[in-house]
Structure formats: C-alpha cells, structure tokens
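Q: Just so it is clear: in the sequence shown, position 40 is 40 by my numbering, and no numbers are missing.
Built from N, CA and C at the ideal position, the CB exists for glycine as well.
Let me begin by handing over the structure; questions about it come next.
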Amino acid sequence: MYTSKISGLGSYVPENVVTNDDLSKVMETNDTWIQERTGIKERRHIKKGDGNSTAKMGVKAAKIAIERAKLTNEDIDLIIFATLSPDMYFPGGGVQVQDLMNMRTIPALDVRNQCSGFIYALSVGDQFIKTGMYKNVLVIGSENHSGGLDMTTRGRGVSVIFGDGAGAAVLTRSEDKNRGILSTHLHSEGAHAKELSLMGPSTEHWVPEIIEENPQEDIPYYPYMNGQFVFKNAVVRFSEVINEGLQANSFTAADIDMLIPHQANLRISQFVQKQFKLSDDQVYNNIQKYGNTTAASIPIALTEAWENGKIKEGDLVVLAAFGSGFTWGSAIIKW
Ligand code: UT7
C-alpha cells in the first residue's frame, strides 16, 4: 500500500491588481462594505491581452510545482484539473494543459466541484497513487472568474468576492505510511445546487431560452449566490468535515499545526478558527490579497504558506473547503 506526498507546490496570479476602490468606480460598492463583510482588500483580474486564461495560468503554476518536485514533465502520469471557469464549454482544461506542456499522451481528468474542486482533485489523485496505478499526479486548481462576472451594481453581491489565479501540487508515491496524505473526506448535498450556481448557458438553459425567460435582463447568465444561506451552511460543514478528518486519524484540534481553509470569506475562516480554538499562526488566510479564487484558493494558500516557511516537515496540515453543489471536503496531511 502506497501513500501520496506533496512533492512540489506552485501558484500563479495575474499581475493586474483590482482594489475595492477600483470596483467602486464601476458599481455601487465601497471598500468599507467589502472589507467588513469579506476581509478582501484586492484581487487579481486577467487583463485582456496579458496572455492568461484558465488553462494557461494552470500551466504557469504547474511548471513551478513540477520543478520544485525535482521532476520533469516526462515524469507526470496523470493531470487532474479543477475549475468552474474553463476556457471552453468542452473539452475541459486538463487536455489544454496536457498540450501546452507537451505531456505525451498522458490522461487528463477534469474535476467540477467548484470551491471544493482542489480537495476532490487531490482525493482522486491520492486514490490513483494508493492503488499503485500512477507514481506522479499533477493536480491543478485554476479560475478565470473575471471573464464571467456581472461588473454592474446588479452583480455586486457576487462580483466583489471573486478573483483569478491558479495553484498546483504534484503528488508523488511514497512508501512511508505515516507521512503524506493520511486521508480525504468528501461530501455533497445537491438539494442546494441552485443556491450558488450559474444556470446557463447550458443544455437546459440555452441562450435564446434565457433571454426569452428574462426579457427585462440584458445578459442574464451570470453566477447567482444566496450569500447568507451559503454562509450559514459553510460554517457548519467546514467544522463537521474538519472534525471528521481529525477523528478518522485519532487527532484532535490541538494537533493541527496549519489549517488552510478554502478562502471563501475571511469571516468564515475566523469563525472556524474560533470553533477549533486555533491561534492566528495555525490558520493561513490570504483572501485579503486575492479574493475568493474557488478551486485555486487552497493550492495558492498552501503554496504561499509553504514558501513563507509556515509549514515544516512533520507538521499536521489540514485542508478544508465548502462551496457550490453544495460540495465540501477535507484532507489531513502529515507533511
Ligand atoms: O466560495 C464559495 C462559498 N461562498 C461563500 O462561502 C460566500 C458566503 N456568503 C458570504 O460571504 C456573504 O453572504 C456575502 C459576503 C456574499 C454577503 O454578505 P452579507 O453580510 O450576507 O450581506 P447581504 O447579502 O445580506 O447584503 C447586505 C446588504 C444588502 O443591502 P440591503 O438589502 O440590506 O439594503 C445588499 O444589497 O449589502 C448590500 N450589498 C452590497 N453593498 C455594497 C451586497 N453586495 C454589496 C456590495 N457593496 N458589494
């Protein structure tokens, strides 16, 4: 029986910084509201012509992760690509990464689990390694939110929160049972699918139909979020799934060296921190700089925490996410 360890991490965010004041020039919002409700000060948005896309940002993050793992593209056996904002309706971003990185004909798998996308992708990669099928799996989370947000006052409840970026991890086979990914825990509750969703264009909601159903709206295919309902579910599910992971490995909250929550809202992270009685240096947050980057948020934060020396050999690292689906999950890692 093998385990997977994270052998390399990388991240990439576009250069273009969009502050809360910048947003207040195009919609009715303000820095105080955004910071008080979400903790966000600024986020990154792809700028037209800057050469970025969901797949291309994923590639930039992946190259760093592979180099840090001291591997080459030739060593990667499988690509798992998590996003809710692919460059194309189909195929998914995984095959674009495969092509851009000249990775022979290795398989590319797309994961569509929104904010939980990276944890789901990590879990899938971990299973492939545990069974012995693959040795090195490249897991990417990447999002181009700015390409599809309603940047008018109508969309402000959603648009101020989300940012662009990518993060990547290389999972490598290890024979040390006590290190690496100890367990992953995944859940979903499709009854609340519509509470945080983008209904169309899709086969059920094609463009002409949407326009017919919403004659008053000019472009009605933007993300919808029932913010308070999502918030209330998030705080409960985050706690549940972290506890589930700790219990499965006979740990308690006191054993956590670093919790990296999906960067949904600083208030959600602070609530979870309080519930588990963790100090500020046991929780890593960077939503202040990047906003919510959905599937990219955990690998970006994990990479930054590692780069800043906040994760050391032997540390117990807990990853947890909740989001659209609803889907949620956690990963318990002995570094
Ligand atoms: O990552 C996936 C998971 N996502 C989440 O976990 C997000 C969870 N939800 C949240 O983070 C919060 O619900 C939000 C940050 C989205 C919203 O915060 P809230 O405290 O729940 O505010 P609200 O939606 O109840 O809105 C309060 C008021 C409303 O005005 P009225 O009706 O009280 O007059 C909104 O119209 O704030 C107004 N508002 C804004 N004002 C200024 C909404 N968006 C904005 C804005 N700027 N951007």
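Should Met258 be labelled buried (16 or more other beta-carbon atoms within 10 Å of its own) or exposed?
A: Translated into positions along the sequence shown, residue 258 becomes position 258. Classification for Met258: buried.
Q: With a threshold of 7 Å on Cβ separation, who are the neighbours of Gly227 within its own chain once the five nearest residues in sequence on each side are excluded?
A: Position 227 of the sequence shown, counting from 1, holds the residue named residue 227. Cβ neighbours of Gly227 beyond the five flanking positions: Gly157.
Q: Quick one: complete beta strand (DSSP E) runs, 3+ long, within the stretch 209-277?
A: Entirely contained in the stretch 209-277, the beta strand (DSSP E) runs reaching 3 residues are, in chain order, 258-261.
Q: Would you check whether the ligand UT7 has a heavy atom nearer than 7 Å to the C-beta of Met151?
A: As a first step, residue 151 must be located in the sequence shown, where it is residue number 151. Outside the cutoff, so no.
Q: Are Lys170 and Ala69 touching if we call contact CB-CB under 8 Å?
A: One-based indexing of the sequence shown puts residue 170 at position 170. One-based indexing of the sequence shown puts residue 69 at position 69. Checking the sequence, you will find Val at residue 170 rather than Lys. It is a contact, given that the beta carbons lie within the stated cut-off.
Q: Would you identify the three-state DSSP class for Phe81, choosing helix, strand or coil?
A: On the sequence shown, position 81 is the one that residue 81 refers to. Looking at Phe81 - three-state DSSP - the assignment turns out to be strand.
Q: Taking the alpha helix (DSSP H) that Asp31 belongs to, which residues open and close that run?
A: Stepping through the sequence shown from its first residue, residue 31 is reached at position 31. That run of the alpha helix (DSSP H) goes Asp31 to Thr38.
Q: Is Phe338 buried or exposed, if buried means 16 or more other CB atoms sit within 10 Å of its CB?
A: What is shown of the chain runs 1 to 335, which leaves residue 338 out entirely.
Q: Which residue marks the beginning of the beta strand (DSSP E) containing Phe322, and which one marks its end?
A: In the sequence shown, counting from the first residue as 1, residue 322 sits at position 322. Segment Leu316 to Gly323, the beta strand (DSSP E) holding Phe322.
Q: For the alpha helix (DSSP H) holding Ile64, just list the boundary residues, first then last.
A: Position 64 of the sequence shown, counted from the start, is the residue given in the question as residue 64. Thr54 to Arg68 is the extent of the alpha helix (DSSP H) around Ile64.
Q: Return helix, strand or coil for Phe162, following the three-state DSSP convention.
A: For the purposes of this step, residue 162 is taken as the residue at position 162 of the sequence shown. In this structure, Phe162 counts as strand in the three-state DSSP scheme.
Q: Looking only at its own chain, which residues have a Cβ that is under 6 Å from the Cβ of Ile46, when we skip the five neighbours before and after it?
A: Looking up residue 46 in the sequence shown gives position 46. Only Pro14, Asn52, Asn144, Ser146 and Asp164 meet the Cβ criterion.
Q: Check whether the Cβ atoms of Tyr120 and Ala82 sit closer than 8 Å, and answer yes or no.
A: The residue you call residue 120 lines up with position 120 of the sequence shown. The residue you call residue 82 lines up with position 82 of the sequence shown. Taking 8 Å as the Cβ cut-off, Tyr120 and Ala82 qualify as a contacting pair.
Q: Between Thr87 and Gln96, is the Cβ-Cβ spacing less than 8 Å?
A: Residue mapping note: residue 87 aligns to position 87 of the sequence shown, counting from 1. Residue mapping note: residue 96 aligns to position 96 of the sequence shown, counting from 1. First, the residue type needs correcting, since residue 87 is Asp and not Thr in the sequence shown. For Asp87 and Gln96, yes; Cβs fall inside 8 Å.
Q: My output table needs one value for Arg104: the three-state DSSP class, helix, strand or coil.
A: Residue mapping note: residue 104 aligns to position 104 of the sequence shown, counting from 1. Three-state result, Arg104: coil.
Q: Quick one: does the C-beta of Leu339 sit closer than 7 Å to a heavy atom of the ligand UT7?
A: Past the edges of the chain, shown from 1 to 335, lies residue 339, and the structure says nothing about it.
Q: Would you verify that the beta carbon of His205 is, or is not, closer than 8 Å to some beta carbon of chain D?
A: Considering every chain present, this structure includes no chain D. It has just one protein chain.
Q: Among Glu313, Arg237, Asn20 and Tyr284, which residue has its Cα nearest to the Cα of Gln35?
A: The sequence position of residue 35 within the sequence shown is 35, counting from 1. The shortest Cα separation from Gln35 among Glu313, Arg237, Asn20 and Tyr284 belongs to Asn20.
Q: Taking the alpha carbon of Ala296 as the point to measure from, which residue in Arg44, His187 and Asn249 has its own alpha carbon closest?
A: Translated into positions along the sequence shown, residue 296 becomes position 296. Ranking Arg44, His187 and Asn249 by Cα distance to Ala296 puts Arg44 first.
Q: For Lys135, I'd like the list of residues in its chain whose CB is within less than 8 Å of its CB, leaving aside the five on either flank, ordered along the chain.
A: On the sequence shown, residue 135 is found 135 positions in, with the first residue counted as 1. For Lys135, where only same-chain residues beyond five positions count, the Cβ hits under 8 Å are Asp75, Asp77, Ile129, Thr172 and Arg173.
Q: Here's the rule I'm using: 16 or more other beta-carbon atoms within 10 Å means buried, otherwise exposed. How should Gly94 be labelled?
A: Start at 1 with the first residue of the sequence shown, and residue 94 comes out as number 94. It is buried - the Cβ of Gly94 has at least 16 other Cβ atoms within 10 Å.
Q: What I want to know is whether the C-beta of Trp206 ends up closer than 7 Å to one or more non-hydrogen atoms of the ligand UT7.
A: Looking up residue 206 in the sequence shown gives position 206. Every heavy atom of the ligand UT7 is 7 Å or more from the Cβ of Trp206, so no.
Q: Nearer than 7 Å: is that true of the beta carbon of Gln288 relative to any heavy atom of the ligand UT7?
A: Your numbering for residue 288 matches position 288 in the sequence shown. Not under cutoff, so the answer is no.
Q: Ordered along the chain, which non-local residues of its own chain (more than five positions away) have a Cβ less than 6 Å from that of Ala248?
A: In the sequence shown, counting from the first residue as 1, residue 248 sits at position 248. Answer for Ala248: Ser183, listed in chain order.
Q: By the three-class DSSP mapping on this structure, what secondary structure does Thr152 have?
A: For the purposes of this step, residue 152 is taken as the residue at position 152 of the sequence shown. Residue state, collapsed to three classes: coil.
Q: Can you list, in chain order, the residues of its chain whose CB lies under 6 Å from that of Thr327, leaving out five sequence neighbours each side?
A: The sequence position of residue 327 within the sequence shown is 327, counting from 1. Answer for Thr327: Asn113, Ser116 and Ser188, listed in chain order.
Q: What residue from Gly291, Val230, Ile260 and Thr293 has the CA that sits closest to Asp279's CA?
A: What you label residue 279 is simply residue 279 of the sequence shown in a count that begins at 1. It is worth fixing the name first, because residue 279 is Ser in this sequence and not Asp. Here the closest residue by C-alpha is Ile260.
Q: Considering Cα atoms alone, identify which of Lys41, Tyr222 and Lys60 is closest to Asp150.
A: On the sequence shown, residue 150 is found 150 positions in, with the first residue counted as 1. Of the listed residues, the one whose Cα sits closest to Asp150 is Tyr222.
Q: Is Ala108 closer than 8 Å to Ile79 when the C-beta atoms are compared?
A: Indexing the sequence shown from 1 puts residue 79 at position 79. Indexing the sequence shown from 1 puts residue 108 at position 108. In this structure, Ala108 lies closer than 8 Å to Ile79 by Cβ.
Q: CB Thr3 to CB Ile181, shorter than 8 Å?
A: The sequence position of residue 3 within the sequence shown is 3, counting from 1. The sequence position of residue 181 within the sequence shown is 181, counting from 1. In contact: Thr3 and Ile181 (Cβ atoms closer than 8 Å).
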